[in-house]
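Colleague: The sequence shown begins at 1 in full-length UniProt numbering and counts up by one. Cβ coordinates follow ideal geometry from the N, Cα and C atoms, glycine included. If you're wondering where the values come from, they're calculated on a predicted model, not measured in any experiment. Would you mind keeping the following structure in view while I ask a few things?
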Amino acid sequence: MNGTALIVGAMVVTVASLAYPVWSYADRSGTGQANLSASTVSTQWGPLSATDRDLLVKVRLAGLWELPAGQQALERAPTQAIKDCGDHLVVGHTDLDVRVRDVAAKLGVQLPNQPNEQQQGWLQELSAATGEEYERKFANLLRNAHGKVFSQIALVRHTTRNALVRQLASDANQTVLDHITMLEATGRVDFDAMANEAANGASSSPTGPPPPDGNLPPAAPPVQPSGDQNLTSSPSPAAPGAPPNTDRPAVGEGEPAPGATQ
């Protein structure tokens, strides 16, 4: 019995020693969990990470160059589409700047007071351009900048544990999407250039279905709810004994939907 107990005890100790590194791995220095914990501080609105603080800085920096770019467009743009973009930039970033400064003050995050070197260079490019060149530079510099910060906002909105940062990310998301939409409506955005830039910066090959070989496959059928949850429109049943109505036009093709008022 003593020999058996000794063997069992040895096995337990061995298993425990092998499992311990797995349990404690997340707390080791250099892991993602350890880095997150080391860079996070507690606030009354929830933990505030380095990624959260970085978003506050990026939102502030965006306003510091996009607001004057919008003001310049209102004064200099040769077309109404660019002027409309400028108006949205001014309105959006004026409001967003108030919000980010309020959140940063509550969380004790220091914000910059002037655009960074790259953003100052963009403003100089816009100031030196005229006519169609100005329109092209305005649309593409701003669309590219908005597209890059859009993904960062989404990541913070997804991962933050801080209520103030989460609300700011939601507000910034709406503002940035509005600006992207307006910039694309100018017809001056070079989507090929942005796609090539993103591809050159990618670290891995894209995945997904293979490209079509010219023989397009049949379209996939739409997903249908099952059972009583079927919400697709269907013709009203015919009265008992009546022949099926095959000439009835579909809704939207000249006849109002059943129950609609004229």
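What residue range is occupied by the uninterrupted alpha helix (DSSP H) comprising GLN71?
Modeller: From DSSP, the alpha helix (DSSP H) with GLN71 extends over 50–76.
Colleague: Under 8 Å: do the stretch 179–192 and the stretch 131–141 share three or more Cβ pairs, one atom per stretch?
Modeller: The answer is yes - the stretch 131–141 touches the stretch 179–192, with three or more Cβ pairs under 8 Å.
Colleague: Taking Cβ to Cβ, would you say VAL156 is nearer than 8 Å to VAL176?
Modeller: For VAL156 and VAL176, no; Cβs fall outside 8 Å.
Colleague: Any chance the stretch 99–106 sits against the stretch 57–68, with 3 or more Cβ pairs inside 8 Å?
Modeller: With a cut-off of 8 Å, the stretch 57–68 and the stretch 99–106 count as touching, because enough Cβ pairs lie within range.
Colleague: Whose C-alpha, out of ALA69, ALA34, THR181, is nearest the C-alpha of GLN124?
Modeller: That would be ALA69, whose Cα lies nearest to the Cα of GLN124.
Colleague: Taking the straight line between their C-alpha atoms, what separation do you get for SER39 and LEU168?
Modeller: Each residue's alpha carbon lies about 20 Å from the other.
Colleague: Would MET194 pass as a contact of HIS88 if the rule is Cβ separation under 8 Å?
Modeller: It is not a contact, given that the beta carbons lie outside the stated cut-off.
Colleague: Quick one: Cα of LYS83 to Cα of ASN196, how far?
Modeller: Taking the straight line joining both Cα atoms gives about 28 Å.
Colleague: With a threshold of 7 Å on Cβ separation, who are the neighbours of SER234 within its own chain once the five nearest residues in sequence on each side are excluded?
Modeller: With a pLDDT of 48 at SER234, under the threshold of 50, the predicted position of this residue should be treated as unreliable, though the coordinate-derived value follows. Same-chain partners within the cutoff: there are none.
Colleague: Report yes if the C-beta distance between GLY86 and LEU74 is below 8 Å; otherwise report no.
Modeller: Cβ distance < 8 Å, so GLY86 and LEU74 count as in contact.
Colleague: Do TRP122 and TRP45 have their beta-carbon atoms positioned less than 8 Å apart in this structure?
Modeller: No, they are not a contact pair.
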